[in-house]
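All residue numbers for the sequence shown refer to my numbering, where the first residue is 61 and numbers rise by one.
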Amino acid sequence: MVKQNLVISDASISLEIFAAESCLEVPAASSSIIKMLKSESQHGGKITTFVASMRNSSPTRFRPTEVRSEMDEQISWVTHHPSALGMFDQIVHASRGKQIVMFLDYDGTLSPIVQDPDGAFMSDEMREAVKDTASYFPTAIVSGRCRDKVYSFVRLAGLIYAGSHGMDIEVGDDKKSGEDVSFQPGSEFLSMIDEVYKILLERVGSIPGAKVETNKYCLGVHFRCVDEKKWSALAEQVKSVLKGYPKLKLTLGRKVIEIRPAIKWDKGNAVEFLLKSLGYANSDDVLPVYIGDDRTDEDAFKVLRDRNRGQGIGIIVSKVPKETAAAYSLQEPSEVMEFLRRLVDWKRYDLCASM
Ligand SMILES: [Mg+2]
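Here you go:
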């Protein structure tokens with residue numbers, strides 16, 4: 061078993077602790093953001109801001125500064141983030157001479173978003189498409205769910221599973237050493253997370269529709285079924301619990317408040333770690349493709365966007381315009397399945413043609 065240690069700088073800890081205190085995720089240190097947060101704190105507006113973020117979660121809907129018609133917004137969206145199906149030929153052309161590595165989020169990407177998070181099952185057709193994809197390209201599932209849970213949904217061997225937003229990675233056997241490669245950068249927080257889970261179950265239980273989910277290295281408080289009038293009370297409860305745990309931070313996903321260790325480790329770090337584990341660190345011979353629908357997937361999109369000479373492709377799953385670092389878009393899981401099937405068909409044809 062190969063374990064790797066994560067070094068956390070004091071600066072990153074203090075920033076994340078401040079973010080936890082302010083109930084807002086601060087993805088990039090910025091003095092103006094910190095000033096804004098401090099100002100809000102002084103004026104008692106923290107909960108209002110947080111509830112507004114809850115309303116806009118997953119990720120923020122694109123909000124133009126000037127008034128534009130919906131059609132203008134849509135045209136701008138498809139211009140800047142064209143359909144990955146419409147641009148399929150260009151995408152496979154970019155992969156010429158390179159190994160495609162697929163990264164797939166689970167909820168909202170391979171399965172529909174449903175009221176009950178325990179019922180987010182993927183279809184047999186989607187499972188078949190993912191299985192075929194993994195037979196031609198290294199494929200990783202990168203999810204906010206705990207690894208065991210996402211595996212119980214996907215039920216496919218031969219894939220890499222990264223659960224808890226990449227804080228619980230199981231790569232499999234290293235090709236050279238034969239050792240099992242795994243990585244759990246948040247392991248020192250396990251008992252703390254479990255403690256907070258029990259407190260949240262008690263505190264949040266009185267709010268109808270709220271559901272607390274443990275994902276081992278992080279927690280989720282789902283508010284999809286909570287009356288919007290109760291969101292403020294819910295945010296207050298979660299915030300009051302987190303006050304006693306400055307080493308944890310809050311982030312927002314699709315209708316879920318997430319609690320995780322305040323360490324600099326996200327889905328973007330997980331993608332970099334997995335590429336390195338697969339032997340593609342700083343390699344020009346790889347084309348990573350990441351498909352996801354959530355605010356937390358933006359960290360991975362940014363990593364791919366900023367790779368050497370843009371050698372990475374981010375695809376956001378969304379029907380509406382949103383702020384995103386992804387280059388392409390797909391509207392819903394059925395389009396993700398279509399994209400995966402076309403990728404497999406293209407690869408099969410390509411292999412036959414080269415024989
Ligand atoms: Mg998702």
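Ideal Cβ positions, reconstructed from N, Cα and C, are used throughout, including at glycine.
Residue i - DSSP class collapsed to helix/strand/coil
i, result
"T139", "helix"
"K379", "coil"
"I220", "strand"
"D254", "helix"
"I229", "strand"
"A200", "strand"
"S389", "strand"
"G246", "coil"
"G372", "coil"
"H103", "Its pLDDT being 37, under 50, H103 is placed unreliably by the model, and the measurement read from it follows with that caveat. Of the three classes helix, strand and coil, the one that applies to H103 here is coil, per DSSP."
Extent of the continuous alpha helix (DSSP H) run through residue i
i, result
"S242", "S242 -> not in any alpha helix (DSSP H); beta strand (DSSP E) instead, spanning 240-243."
"Y409", "393-413"
"S212", "207-214"
"V174", "Element bounds for V174: n/a, residue is neither H nor E."
"A144", "Unbroken run through A144: none, as it is neither H nor E."
CB-CB length for residue i against residue j, believed under 8 Å
i, j, result
"G313", "Y350", "16 Å between Cβ atoms; not a contact."
"G246", "I323", "6 Å"
"I173", "D167", "6 Å"
"V202", "F163", "5 Å"
"F197", "V138", "Not really, about 27 Å apart at Cβ, beyond 8 Å."
"A386", "F361", "5 Å"
"L145", "E395", "6 Å"
"A270", "V286", "5 Å"
"V377", "E392", "7 Å"
"A154", "L347", "6 Å"
The beta strand (DSSP E) enclosing residue i, as first and last residue numbers
i, result
"F163", "159-164"
Residues near ligand 3, CB to any non-hydrogen atom under 6 Å, in chain order? No copy of ligand 3 occurs in the structure displayed; its ligands are ligand 1 alone.
Whole beta strand (DSSP E) runs in the region 332-365 with 3 or more residues, listed along the chain? 346-352
Just to confirm the assignment: which complete beta strand (DSSP E) runs, minimum length 3, are found wholly within the region 260-326? 271-274, 279-282, 308-313, 316-321
contact_flag[the region 187-202, the region 401-413] where n(CB pairs < 8 Å) is 3 or more: yes
Tell me whether the region 333-341 and the region 301-316 touch, counting them as touching only if at least three CB pairs, one residue from each stretch, are closer than 8 Å. no
Closer than 8 Å is the cut-off here; do at least three beta carbon pairs connect the region 216-230 with the region 268-277? yes
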